[in-house]
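Peer 1:
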Amino acid sequence: MNNKSIVIDAKNLGKQYRIGAQRAKYKSLRDEITRGAASLASRLRHPRANRNSQNYFWALRDISFEILRGETVGVIGRNGSGKSTLLKLISGITYPSAGYATIRGRVGSLLEVGTGFHPELTGRENIYLNGAIIGMKKVEIDRKFDDIVSFAEISRFLDTPVKHYSSGMYVRLAFAVAAHLEPEILLVDEVLAVGDAAFQKKCLGKMEGVVQEGRTILFVSHNMSAVKQLCTRGILLNSGTVAYDGSIDEAVEQYVTIAQQDVASETVFEADPSQPMSITRLSTRNEQGDKTAYFSSKESITVEIEYRVHEPLRDDHIFIILDRADGLLVLKTSDDDNGRETRMDLATGRYISRATFPGGILNEGYYRFRVVLGKRKGVKHDEKTSAYFEVEDTNDYTRSVFGKRNGALLLPLRWDDCFYEPFDELT
Amino acid sequence: MNEKLPVDGRIPVRYIKPVKGWVAIDVRELWVYRELIYYFVWRDIKVRYKQTGLGIAWAVLQPFMTMVVFTIIFGNFARIPSYDLPYPVFSFTALVPWTFFANGLQNAASSLVSNANLLTKVYFPRLIMPMSAVVGGVIDFVLAFGMLLLLMLVYQITPTANVLWLPVFLLLALVSALAVGLWLAAVNVQYRDVRYTLPFLVQLWFFATPITYPSSLVPEIWRPLYSLNPMVTVIEGFRWALLGTNTPPAPEIVLLSSLSALVLLVTGMFYFRRMEATFADVI
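Residue numbers (our numbering), protein chains in the order written: chain A, 1 to 427; chain B, 1001 to 1283.
Next up, the structure:
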């Protein structure tokens, strides 16, 4: 194999984090002193204890792969499997704890929406700012400016501060800037989850164009149909190691198998007092109120959200996003959709809220909830994902006639025979 | 990070490996990213006075109003000597570089934490953030300096030829702000205690600098320690260069000040580089 055509060559890459480090966010000197004293005391008591094994975990371990020029690789895996950490290592944001990698070519990242945008600046100004942040030169931006504007379809609002943009415009602009970076290696982390269908299609088209120019794409997504459309190769990560590396179809199939193992009726999270609100528990209950992860398609499904409000709040909401295991976004909903009174004042304390999905809608499959606490205007306090739950199709009509039906919904429709006229008898 | 951006179609190669211990400062990479410094400075200036009624006038008003208060309290009530200069000019000449230093220091110290979302999403040399935070203060300085010239005109003070030294003193202020800013920015990522210590530190530093009083008031035996503060040289230098006080900062004071600023800068840079690998993980 020609050595030159390998653009990413990773050997035994590993990344270790301290347990709790991410949740604790940052330390205060006082905590550090307390911790220091505690660890000194414990070391006096257990002089030979190995602190590494106790306080650290590997987010990624022994990751080895080679990626060739022009390949499109989908990196898939459950939340916490190490996908984003891998991308961070490749882009240089964090450093590995073990192993090494050689990267040939400029690496560009398609950023999460709005990272590097300043709300007070106009669209025009943000194109330059964002371009510079992701590594473009001014001459390069000048040259591509018109392309970026027309791709983003924002020419009328070019001199409006982006804080007045709709979220759709925001996303389009962010993608447009990054898509014109023309790096040798493009990293795409879950950006296509946003924007309308037409724009998503346009983005995928743009990325296919990138591939035709001989560039390489690493694509992280939960949207399996997008991954399948764009990628030829899939790397499946599971608990920080490569579980599968090969054809994208096989990788996706294995991914869904892994998702099935992650079925549970309840997931508990640690409260994060550094945020105004944080989710502490997500669970699913059936009509009888019992916790379960298995539902018949006729049953209603209640999601129970336990959360804490750490500081008094106004005008905050709970948003629920229902995803199918293959990444299909089924439903987005929020706690005031029903005209439920806006909760003006939220005192500090522990809360439990429930939302019920009526039965007889979802087709069989594996699903899970993403729950977001925040404000309508893009402020997010916390986001947590539940374990998967399974819906089993118990309808007689689907079983008897078709066996298993495809499609996201199992919705018996109302049928009316509205006209009848017998043929004239031919005599 | 050993990144070389494309030059003449050559493909840059980067090696990713664990970092341990001290890391060299990659001047080449900083040079490659120099435009980003410009854009961060430009962003901060554009945004700083948005949605304020008086806008950029604040750059002048802040030190000016402080000067008015000082003139009343220290000039009129306490009758602090001021090299026989009108107290408003005496204190404003000091407040202009001091404001530049103090704002630069504080902005640099919080630069990483306030840009945390960028830090965890994009790669660029992290040194750029505190650097552009300090450099961004230059515009405010220029405006306040214009006000200072106006004030001198009012009091009919003409600068001497020493004024040519002014850029040197400004550079010393910039280096000092960056040096301390680097230290604090890196520590701030790990320990948010910096946020609470900072106002106190700046206040303490303010009184350890001859802003409201001339440095001649400091007892002789304390002078060497006193001149470890680079801002002593900056302030006295400004007065000497602009107002023609016939007491130029003594050579040994200038030397000590510059040396301490330089030591702080070099150690700050290395400490920053050493901590850089962990920024995205702990911020």
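A virtual CB, placed ideally from N, CA and C, is assigned to each residue, including glycine.
Here the structure is a predicted model, which is why all the values come from computation and not from measurement.
So which residues of chain E does B:ILE1016 contact, with C-beta pairs closer than 9 Å?
Peer 2: Here chain E cannot be found, since the structure's protein chains are A and B.
Peer 1: Can you tell me whether DSSP reads A:PHE423 as helix, strand or coil?
Peer 2: Counted from its first residue, the first sequence places residue 423 of chain A at position 423. Note: A:PHE423 maps to coil in three-state DSSP.
Peer 1: Could you give the first and the last residue of the continuous beta strand (DSSP E) run that contains A:GLU253?
Peer 2: Mapped onto the first sequence, residue 253 of chain A falls at position 253. Element bounds for A:GLU253: not the beta strand (DSSP E) but the alpha helix (DSSP H), 248 to 261.
Peer 1: So does the segment 1169 to 1183 of chain B actually touch the segment 1254 to 1267 of chain B, counting three or more Cβ pairs closer than 8 Å?
Peer 2: With the cut-off at 8 Å, the segment 1169 to 1183 of chain B and the segment 1254 to 1267 of chain B touch.
Peer 1: Output yes or no for whether 8 Å exceeds the beta carbon distance between A:LEU89 and A:LEU13.
Peer 2: For this step, residue 89 of chain A is matched to residue 89 along the first sequence. For this step, residue 13 of chain A is matched to residue 13 along the first sequence. Contact: yes.
Peer 1: Is B:SER1258 near B:GLU1236, with beta carbons less than 8 Å apart?
Peer 2: The sequence position of residue 1258 of chain B within the second sequence is 258, counting from 1. The sequence position of residue 1236 of chain B within the second sequence is 236, counting from 1. For B:SER1258 and B:GLU1236, no; Cβs fall outside 8 Å.
Peer 1: Could you pull out every residue in the same chain whose Cβ sits closer than 8 Å to the Cβ of B:ARG1192, ignoring the five residues on either side in sequence?
Peer 2: Residue numbering aside, residue 1192 of chain B sits at position 192 when the second sequence is read from its first letter. Only VAL1113 meet the Cβ criterion.
Peer 1: Using alpha carbons as the reference points, say which of B:VAL1089, B:ILE1128, B:ALA1133 and B:LEU1198 lies closest to A:ALA132.
Peer 2: Looking up residue 132 of chain A in the first sequence gives position 132. Among B:VAL1089, B:ILE1128, B:ALA1133 and B:LEU1198, the Cα nearest to that of A:ALA132 belongs to B:ILE1128.
Peer 1: Can you give the Cα-Cα distance for A:ALA264 and A:TYR351, rounded to whole angstroms?
Peer 2: Here residue 264 of chain A is taken as the residue at index 264 of the first sequence, counted from 1. Here residue 351 of chain A is taken as the residue at index 351 of the first sequence, counted from 1. The alpha-carbon atoms of A:ALA264 and A:TYR351 are separated by roughly 22 Å.
Peer 1: With a cut-off of 8 Å on the beta carbons, I'd call A:ALA408 and A:ALA325 a contact; round off their distance for me.
Peer 2: Translated into the one-based positions of the first sequence, residue 408 of chain A becomes position 408. Translated into the one-based positions of the first sequence, residue 325 of chain A becomes position 325. Incorrect: roughly 12 Å between the Cβ atoms, too far for contact.
Peer 1: With 16 other CB atoms within 10 Å as the buried threshold, where does A:PRO276 fall?
Peer 2: Residue mapping note: residue 276 of chain A aligns to position 276 of the first sequence, counting from 1. With 16 or more other Cβ atoms within 10 Å, it is buried.
Peer 1: Between which two residues does the beta strand (DSSP E) containing A:ASP323 stretch?
Peer 2: To locate residue 323 of chain A, count along the first sequence from 1; it is residue 323. Per DSSP, A:ASP323 belongs to the beta strand (DSSP E) from 317 to 324.
Peer 1: Closest to A:ASP159 by CA distance: which of A:GLY123, A:PRO183 and A:VAL188 is it?
Peer 2: In the first sequence, residue 159 of chain A corresponds to position 159, counting from 1. If we check each option's Cα against that of A:ASP159, A:GLY123 comes out closest.
Peer 1: Hey, is A:TYR17's beta-carbon within less than 8 Å of any beta-carbon in chain B?
Peer 2: By one-based count along the first sequence, residue 17 of chain A stands at place 17. Yes, its Cβ sits closer than 8 Å to a Cβ of chain B.
Peer 1: Can you tell me whether A:ARG48 is buried or exposed? The criterion is at least 16 other CB atoms within 10 Å of its CB, across all chains shown.
Peer 2: Counted from its first residue, the first sequence places residue 48 of chain A at position 48. The pLDDT assigned to A:ARG48 is 48, lower than 50, so where the model puts this residue is not dependable; a value taken from the coordinates is nonetheless given after this. A:ARG48 comes out exposed.
Peer 1: Closer than 8 Å is the cut-off here; do at least three beta carbon pairs connect the segment 293 to 312 of chain A with the segment 226 to 235 of chain A?
Peer 2: Not touching, per the Cβ criterion.
Peer 1: What's the call for B:ALA1324, buried or exposed, on a 16-neighbour Cβ count within 10 Å?
Peer 2: Residue coverage of chain B in this structure runs from 1001 to 1283, which leaves residue 1324 of chain B outside it and unanswerable.
Peer 1: Would you call the segment 1215 to 1232 of chain B and the segment 1246 to 1253 of chain B touching, i.e. three or more CB-CB distances under 8 Å?
Peer 2: Touching, yes.
Peer 1: Along chain B, which residues have their Cβ under 7 Å away from the Cβ of A:ALA132?
Peer 2: As a position in the first sequence, residue 132 of chain A is number 132, starting the count at 1. Correct list: GLU1035, LEU1036 and TYR1039.
Peer 1: Just how far apart, CA to CA, sit B:GLN1156 and B:LEU1174?
Peer 2: As a first step, residue 1156 of chain B is located in the second sequence; it is residue number 156 there, counting from the start. As a first step, residue 1174 of chain B is located in the second sequence; it is residue number 174 there, counting from the start. One C-alpha to the other measures close to 29 Å.
Peer 1: Quick check on the burial criterion: 16 or more other C-beta atoms within 10 angstroms. Buried or exposed for B:TYR1033?
Peer 2: On the second sequence, position 33 is the one that residue 1033 of chain B refers to. It is buried - the Cβ of B:TYR1033 has at least 16 other Cβ atoms within 10 Å.
Peer 1: Name, please, each residue of chain A whose Cβ falls closer than 7 Å to the Cβ of B:ASN1117.
Peer 2: Walking along the second sequence from the start, residue 1117 of chain B turns up at place 117. The contacting residues are THR115.
Peer 1: Tell me whether the beta-carbon of A:ALA251 lies closer than 8 Å to the beta-carbon of A:VAL309.
Peer 2: Indexing the first sequence from 1 puts residue 251 of chain A at position 251. Indexing the first sequence from 1 puts residue 309 of chain A at position 309. No, Cβ-Cβ distance for A:ALA251 and A:VAL309 is not below 8 Å.
Peer 1: If you draw a straight line from the alpha carbon of B:ALA1059 to that of B:LEU1243, how long is it in whole angstroms?
Peer 2: Here residue 1059 of chain B refers to the residue found at position 59 of the second sequence. Here residue 1243 of chain B refers to the residue found at position 243 of the second sequence. Each residue's Cα considered, the two are about 22 Å apart.
Peer 1: Leaving out the 5 sequence neighbours to the left and right, which residues in its chain are closer than 8 Å to A:VAL330 when beta-carbon positions are compared?
Peer 2: Along the first sequence, one-based indexing puts residue 330 of chain A at 330. Around A:VAL330: LEU322, ASP323, ARG324, LEU362, TYR367 and ALA408.
Peer 1: Output needed for B:TYR1087: all residues of its chain with C-beta closer than 6 Å, excluding positions within five of it in sequence on either side, in chain order.
Peer 2: Here the question's residue 1087 of chain B lines up with position 87 in the second sequence. Closer than 6 Å at the Cβ level, and outside the excluded window around B:TYR1087, lie THR1071 and GLY1075.
Peer 1: Using DSSP with H/G/I as helix, E/B as strand and the rest coil, what is B:PRO1214?
Peer 2: As a position in the second sequence, residue 1214 of chain B is number 214, starting the count at 1. Looking at B:PRO1214 - three-state DSSP - the assignment turns out to be coil, as it is neither helix nor strand.
Peer 1: Verify whether the separation of the beta carbon atoms of B:ILE1011 and A:GLU140 is less than 8 Å.
Peer 2: Mapped onto the second sequence, residue 1011 of chain B falls at position 11. Mapped onto the first sequence, residue 140 of chain A falls at position 140. It is not a contact, given that the beta carbons lie outside the stated cut-off.
Peer 1: Run through DSSP, which three-state label would B:LEU1225 get?
Peer 2: Locating residue 1225 of chain B in the second sequence gives position 225, counting from the first residue. Three-state result, B:LEU1225: helix.
Peer 1: Take A:GLY433 and list the residues in its own chain whose beta-carbon comes closer than 6 Å to its own, dropping the five residues that flank it on each side.
Peer 2: A question about residue 433 of chain A goes unanswered here, because the residues of chain A that appear run from 1 up to 427.
Peer 1: From A:MET136 to A:ILE127, what distance separates their C-alpha atoms?
Peer 2: The sequence position of residue 136 of chain A within the first sequence is 136, counting from 1. The sequence position of residue 127 of chain A within the first sequence is 127, counting from 1. Rounded to whole angstroms, A:MET136 to A:ILE127 spans 10 Å at the Cα level.
Peer 1: Check B:ILE1139 in the structure and name its three-state DSSP category.
Peer 2: Looking up residue 1139 of chain B in the second sequence gives position 139. Here B:ILE1139 sits in helix by DSSP.
Peer 1: State yes or no: is the beta carbon of A:TYR128 nearer than 8 Å to at least one beta carbon in chain B?
Peer 2: Within the first sequence, the letter at position 128 stands for residue 128 of chain A. Yes - at least one Cβ of chain B is within 8 Å of the one on A:TYR128.
Peer 1: If you check the beta carbons only, do B:VAL1069 and B:LEU1151 fall under 8 Å apart?
Peer 2: Here residue 1069 of chain B is taken as the residue at index 69 of the second sequence, counted from 1. Here residue 1151 of chain B is taken as the residue at index 151 of the second sequence, counted from 1. No, these two residues do not count as a Cβ contact at 8 Å.
Peer 1: Quick one: grab the DSSP three-state call for A:VAL379.
Peer 2: Position 379 of the first sequence, counted from the start, is the residue given in the question as residue 379 of chain A. Coil, per DSSP.
Peer 1: When DSSP builds the beta bridges, which residues end up paired with B:ASN1162?
Peer 2: The sequence position of residue 1162 of chain B within the second sequence is 162, counting from 1. Answer is none; B:ASN1162 lacks a bridge partner.
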